[in-house]
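First comes the structure, then the notes that go with it.
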Amino acid sequence: VSRQPPDLRRVDVCTASGDLADDVCTTRTSTWFIAGKSPIRRSSLHRTIWVDSRTGQAHCSPGEHREARTYEYWPSDLRHLFRQAGLPRREPPPLPDCAQEDGAPHIASPLRGVSYALRINKPEPVLLRAEADSGARTLFWFVNDALVGRSNPGESLAWLPPSPRRYRIRVVDDAGRVDSRDLSVEFVP
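Using the working numbering, the first residue of the sequence shown is number 24, and each one after it goes up by one.
Next up, the structure:
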């Protein structure tokens, strides 16, 4: 005879994200949850925005010809995986400045707290890659305040450090949101 864990409960989760359903989650399902054991967080996948029904343009407030529509805001890495699998998602319209949420990009590469060792005779570029929410379309990369290139969210930009030293890597999305980290580079024979 199997016994259920004492803290086993059923909870509603957002079907799309698997996280606890928030107020704007469009489809919910029930699943098992063990308090103190199961990882769980509130879903932030869905956002309801005001959209002009004639143009599809997003707005900050209700008005004539505007209706509330709910969109899924997938991170760029998951959007890319969905596209590769032939499962593209409906893209939300770009948000106006007044509706921008924090949603800052997150640097995925280079790794935090790692020293990069490059061969003197055959250096490999460091790959700069960041994930961003659905509102970001372009990422601008800076090294020590100098622009070194641009990329799409989830795509890599190759950058070859000119010398061994400590660098400050910064990424800025097209809405002005920022992430940064320090990078230590050393050259080895």
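Beta carbons: idealized from backbone N, C-alpha and C, even for Gly.
**Contacting residues, own chain, Cβ-Cβ under 6 Å from GLY172 (five flanking each side not counted)** = The count along the sequence shown starts at 1 and reaches residue 172 at position 149. TRP164, LEU180, listed in sequence order.
**Collapsed DSSP secondary structure at HIS103 in the structure displayed** = The residue given as residue 103 occupies position 80 in the sequence shown. Three-state result, HIS103: helix.
**Prompt:** Taking the C-alpha atoms as reference points, what is the distance between PRO187 and PHE105?
**Reply:** In the sequence shown, the residue the question calls residue 187 occupies position 164. In the sequence shown, the residue the question calls residue 105 occupies position 82. Distance between the alpha carbons of PRO187 and PHE105: 38 Å.
**Request:** In the DSSP assignment, find the unbroken beta strand (DSSP E) run with CYS37 in it and report its ends.
**Result:** Start at 1 with the first residue of the sequence shown, and residue 37 comes out as number 14. 31 to 37 is the span of the beta strand (DSSP E), which, as asked, contains CYS37.
**Asked** For PRO116 versus VAL74, is the C-beta spacing smaller than 8 Å?
**Response** If you number the sequence shown from 1, residue 116 lands on position 93. If you number the sequence shown from 1, residue 74 lands on position 51. In contact: PRO116 and VAL74 (Cβ atoms closer than 8 Å).
**Message:** Looking at the secondary structure, which residues open and close the beta strand (DSSP E) in which ILE143 lies?
**Reply:** On the sequence shown, residue 143 is found 120 positions in, with the first residue counted as 1. Note, ILE143: premise wrong, no beta strand (DSSP E); not H, not E.
**Prompt:** Rounded to a whole number of angstroms, what is the C-alpha to C-alpha distance between ARG204 and HIS88?
**Reply:** In the sequence shown, residue 204 corresponds to position 181, counting from 1. In the sequence shown, residue 88 corresponds to position 65, counting from 1. Approximately 44 Å, taken between the alpha carbons.
**Request:** Assign ILE63 to one of three DSSP states: helix, strand, or coil.
**Result:** Along the sequence shown, read from residue 1 onward, the residue named residue 63 stands at position 40. ILE63 falls in the coil class under three-state DSSP.
**Asked** Terminal residues of the continuous beta strand (DSSP E) containing TYR190?
**Response** Walking along the sequence shown from the start, residue 190 turns up at place 167. Run containing TYR190: 188 to 196, per the beta strand (DSSP E) assignment.
**Request:** For ALA81, count neighbouring C-beta atoms within 10 Å of its own C-beta (all shown protein chains included) and say buried if the count is 16 or more, exposed if not.
**Result:** On the sequence shown, residue 81 is found 58 positions in, with the first residue counted as 1. The residue is buried, with at least 16 neighbouring Cβ atoms inside 10 Å.
**Request:** Note the first and the last residue of the continuous beta strand (DSSP E) segment covering THR54.
**Result:** Locating residue 54 in the sequence shown gives position 31, where the first residue counts as 1. Segment 51 to 57, the beta strand (DSSP E) holding THR54.
**Prompt:** Going by DSSP, which residues form a beta bridge with SER174?
**Reply:** Position 151 of the sequence shown, counted from the start, is the residue given in the question as residue 174. Answer by DSSP bridge pairing, in chain order: LEU162.
**Request:** State the start and end residues of the unbroken beta strand (DSSP E) segment that holds HIS129.
**Result:** On the sequence shown, residue 129 is found 106 positions in, with the first residue counted as 1. Where HIS129 is concerned, the enclosing beta strand (DSSP E) stretches over 129 to 132.
**Prompt:** In or out: TRP55 buried (at least 16 other Cβ within 10 Å) or exposed?
**Reply:** The residue labelled residue 55 in the question sits at position 32 within the sequence shown. It is exposed - the Cβ of TRP55 has fewer than 16 other Cβ atoms within 10 Å.
**Prompt:** In its own chain, which residues sit with a C-beta less than 8 Å from the C-beta of LEU170, not counting the 5 before and 5 after it?
**Reply:** The residue you call residue 170 lines up with position 147 of the sequence shown. Closer than 8 Å at the Cβ level, and outside the excluded window around LEU170, lie PHE163, TRP164.
**Request:** Look up TYR96 in the DSSP assignment and say whether it is helix, strand or coil.
**Result:** The residue labelled residue 96 in the question sits at position 73 within the sequence shown. Three-state DSSP puts TYR96 in coil, outside helix and strand.
**Request:** Let me know the secondary structure DSSP gives ARG152 once reduced to three states.
**Result:** Along the sequence shown, one-based indexing puts residue 152 at 129. ARG152 falls in the strand class under three-state DSSP.
**Request:** Give me the Cβ distance between ARG33 and SER61, rounded to the nearest whole Å; I'm assuming they're in contact under 8 Å.
**Result:** As a first step, residue 33 is located in the sequence shown; it is residue number 10 there, counting from the start. As a first step, residue 61 is located in the sequence shown; it is residue number 38 there, counting from the start. ARG33 to SER61, Cβ: 12 Å. No contact.
**Request:** For the segment 136 to 143 and the segment 96 to 113, state whether three or more C-beta atom pairs, one from each stretch, are separated by less than 8 Å.
**Result:** no
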